[in-house]
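Q: So that you can map any letter, position 115 of the sequence shown is 125 in the working numbering, and since no number is skipped, the others follow by simple counting.
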Amino acid sequence: MKNNYYLSAIIALFISLTSCSSSDSNDANTPSDMVSSKTWKIESKMLSPIINYGGVEIDDIMILESEETRNYSFKFNADGTFEQYDATGEVLFESTWSLNSDNTILSFGEPIVYVYPVVGEMGFSSIDIVSISSSKIVGTIESTFGEDDYELTITFI
11 MKNNYYLSAI
21 IALFISLTSC
31 SSSDSNDANT
41 PSDMVSSKTW
51 KIESKMLSPI
61 INYGGVEIDD
71 IMILESEETR
81 NYSFKFNADG
91 TFEQYDATGE
101 VLFESTWSLN
111 SDNTILSFGE
121 PIVYVYPVVG
131 EMGFSSIDIV
141 SISSSKIVGT
151 IESTFGEDDY
161 ELTITFI
């Protein structure tokens, strides 16, 4: 019985000494830290409502982008600078970025611009944040084309 007591005390002491400290907690990672923690790629650009382009219904406008454009990557540096890279790692675009005080809007110093068939140039200077984690950023952009309003949901991985 005495041995069980000592064994239990040793196990309890071991567990208390090896438990996570507050600095190991994911709570210590701010949304800004998570955004600047890695280089991101866009997984999808979901459009709502769906558009009909040449008889084809399109819900992810990345299908309209070239292979080169689909392979762009994005780095949000901790110092507030931002770079967009091509597939070879060449810098294509530089600007600044920031999150607002309640982490609901990701803003860029200069708009990021894409060129799409029929639509032409489409640029955005901010993204309304839906969610931020260390592995995924999801945000939306409101846009108007002609008389129609659209919502574009961008997912970075």
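Note that beta-carbon positions come from the ideal geometry of N, C-alpha and C, so glycine has one too. If you're wondering where the values come from, they're calculated on a predicted model, not measured in any experiment.
(1) What residues in its chain sit with their C-beta under 7 Å from that of S108, if we drop five residues either side in the sequence?
(2) Is it the case that the Cβ atoms of D138 and T150 are separated by a distance below 8 Å?
(3) To the nearest angstrom, how far is the alpha carbon of I60 from that of S136?
(4) I'd like to check one pair, L162 with K85: are the Cβ atoms closer than 8 Å?
(5) What are the residues that DSSP puts in a beta bridge with I147?
(6) Considering Cα atoms alone, identify which of E75, Y124, N113 and E77 is closest to S143.
(7) Determine the DSSP secondary structure at T79, reduced to helix, strand or coil.
(8) If you follow the beta strand (DSSP E) that D96 is part of, which residue opens it and which one closes it?
(9) Output the distance between the C-alpha atoms of I147 and S76, rounded to the nearest integer angstrom.
(10) Rank G99, L74 and L57 by C-alpha distance to the C-alpha of G64 and give the top, closest one.
(11) Where does F155 land, buried or exposed, given buried means 16+ other C-beta within 10 angstroms?
(12) How about F92 and T79: do their beta carbons lie closer than 8 Å?
(13) Given a cut-off of 8 Å, decide if A88 and S46 are closer than it, judged by their beta-carbon atoms.
(14) With H, G and I counted as helix, E and B as strand and the rest as coil, what does DSSP make of S58?
(15) What's the gap between the Cα of T165 and the Cα of W50?
A: Put simply:
(1) G90 and S117, listed in sequence order.
(2) Yes, the pair counts as a contact, with Cβ atoms nearer than the cut-off.
(3) Going by the C-alpha atoms only, they are around 22 Å apart.
(4) Going by C-beta atoms, K85 is not nearer than 8 Å to L162.
(5) Answer is I142 and F166.
(6) Nearest of E75, Y124, N113 and E77 to S143, Cα basis: N113.
(7) Reduced to three states, the DSSP call for T79 is helix.
(8) Run containing D96: none; DSSP gives neither H nor E here.
(9) Across the structure, I147 and S76 are spaced so that their CA atoms are roughly 22 Å apart.
(10) Per the Cα distances, L74.
(11) Its Cβ having fewer than 16 others within 10 Å, F155 is exposed.
(12) Result no, Cβ atoms of F92 and T79 do not sit closer than 8 Å.
(13) Yes; because the gap between Cβ atoms is below 8 Å, this pair is in contact.
(14) DSSP places S58 within a strand segment (E or B) once states are collapsed to three.
(15) Each residue's alpha carbon lies about 10 Å from the other.
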